[in-house]
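Engineer: Numbering (full-length UniProt numbering), first residue to last: 1 to 87.
We treat Cβ as the ideally placed atom computed from N, Cα and C, and that holds for glycine.
Take a look at this one; I'll ask things after.
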C-alpha cells in the first residue's frame with residue numbers, strides 16, 4: 001500500500017509467512033524502515049496512525065515486561081485499550 005512503518009503508525013503483526021496476519025497489530029514507537037516492503041521482503045502492512053494520544057503509547061511502552069507462554073517482552077500486567085476510533 002506504500003505506507004511506511006514510521007513512528008505512530010499501526011501495522012499488522014504476522015508470522016514469517018506472507019499473508020498470515022489476522023487480528024494482531026502493533027504501534028511503531030520509532031521509524032522502523034526494516035519493517036517496510038522491500039525487494040526481498042513483503043514487510044508489515046501499515047493500516048493506520050495514532051493521531052492523538054501518542055504520549056499514552058509512550059507510557060505503555062515503559063511498563064515492566066516479562067516472558068509468558070513462550071513470548072518475550074509481554075507486559076507483566078495486562079494493558080487494555082478501552083477506546084480506539086476510526087476517523
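Straight-line CA distance for residue 33 to residue 39?
Structural biologist: Here residue 33 corresponds to residue number 33 of the chain shown, with the count starting at 1. Here residue 39 corresponds to residue number 39 of the chain shown, with the count starting at 1. Each residue's alpha carbon lies about 13 Å from the other.
Engineer: Using a Cβ-Cβ cutoff of less than 7 Å, which residues in the same chain neighbour residue 66 once the five nearest sequence positions on both sides are dropped?
Structural biologist: Working through the chain shown from its first residue, we reach residue 66 at position 66. Hits under 7 Å: 74, 76.
Engineer: Can you give me the start and stop residues for the alpha helix (DSSP H) that residue 58 sits inside?
Structural biologist: Taking the chain shown and counting its residues from 1, one reaches residue 58 at position 58. Its alpha helix (DSSP H) spans residues 54 to 60.
Engineer: Taking the runs of the alpha helix (DSSP H) that are 4 residues or longer, which of them lie wholly in the UniProt domain "PPIase cyclophilin-type" (1 to 86)?
Structural biologist: The qualifying runs are 54 to 60.
Engineer: Between the Cα of residue 50 and the Cα atoms of 29, 14, 22, which residue gives the shortest distance?
Structural biologist: Looking up residue 50 in the chain shown gives position 50. Of the listed residues, the one whose Cα sits closest to residue 50 is 29.
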